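For reference, the structure discussed in these notes is given below.
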Amino acid sequence: MAGSSSGKKIARIIVSRCMKTGKDYGIRWEKTDSDLWIATWSFKIPSSQKNSNDYKQSGDALSGEFKFPPDYPGCPHCQGRITIRCIDCKKIYCHDIEKGIKTRCPWCKMDGVLNINPNPTPSPLTIDGNVDR
Ligand SMILES: [Zn+2]
Ligand SMILES: [Zn+2]
């Protein structure tokens, strides 16, 4: 597509995995002016496209800060409202906070405990990588 030269957006699709179902999904991130990435969308990856290069990027492909706006839809498989970046393998996965604070990375199987504020702030989706062993 030949777009206009101004207002170019940098966007990436990052593969995430659902902790509950073990299925992969994509999160679309848009980069703002600074090193801040905003999650704009999440979607199930069609199995026919699983091996496409579009869906090869994992969490370590992004550096900077991550933010989930209040209208981010959550995990498309389980509707988990929390997204975690594993401190071990740097990959991204979902977590449903209603299941408690114990978590296990579906990529590298690292067990962890979510290090979160028990009194959720207005946006419950800002947690990223705060996992204690
Ligand atoms: Zn999920
Ligand atoms: Zn991991």
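Add 704 to a position in the sequence shown, counting from 1, and you land on the number used in the working numbering. Virtual Cβ for every residue (Gly too), placed ideally from N, Cα, C. Computed from a prediction, not measured in an experiment: that's the story for all the values here.
Cross-strand partners of Lys-807 (DSSP beta bridge)
Here residue 807 refers to the residue found at position 103 when the sequence shown is read from its first residue. Checking the sequence, you will find Thr at residue 807 rather than Lys. Its beta-bridge partners are Gly-816.
Quiz: which residues have CB nearer than 7 Å to ligand 2 non-hydrogen atoms
For ligand 2, the selected residues are Cys-790, Asp-792, Cys-793, Lys-795, Cys-809, Trp-811, Cys-812 and Met-814.
Below 8 Å between beta carbons: does that hold for Lys-748 and Pro-773?
The residue you call residue 748 lines up with position 44 of the sequence shown. The residue you call residue 773 lines up with position 69 of the sequence shown. Taking 8 Å as the Cβ cut-off, Lys-748 and Pro-773 do not qualify as a contacting pair.
Sub-8 Å separation of Lys-760 and Trp-741 beta-carbons
Indexing the sequence shown from 1 puts residue 760 at position 56. Indexing the sequence shown from 1 puts residue 741 at position 37. Contact flag unset, no.
Identity of the residue in Ile-718, Lys-735 and Cys-722 nearest Ser-756 by Cα
Taking the sequence shown and counting its residues from 1, one reaches residue 756 at position 52. It is Ile-718.
Give the straight-line distance between the Cα atoms of Arg-732 and Cys-793, rounded to the nearest whole angstrom.
Mapped onto the sequence shown, residue 732 falls at position 28. Mapped onto the sequence shown, residue 793 falls at position 89. Taking the straight line joining both Cα atoms gives about 20 Å.
Is Leu-784 near ligand 1, judged by its Cβ being under 7 Å from some heavy atom?
Here residue 784 refers to the residue found at position 80 when the sequence shown is read from its first residue. For the record, residue 784 in the displayed sequence is Gly; it is not Leu. Yes, Cβ of Gly-784 sits closer than 7 Å to a heavy atom of ligand 1.
Between the C-alpha atoms of Gly-758 and Leu-818, what's the straight-line distance to the nearest angstrom?
To locate residue 758, count along the sequence shown from 1; it is residue 54. To locate residue 818, count along the sequence shown from 1; it is residue 114. In the sequence as displayed, the identity of residue 758 is Asp instead of Gly. So the alpha carbons of these two residues sit roughly 30 Å apart.
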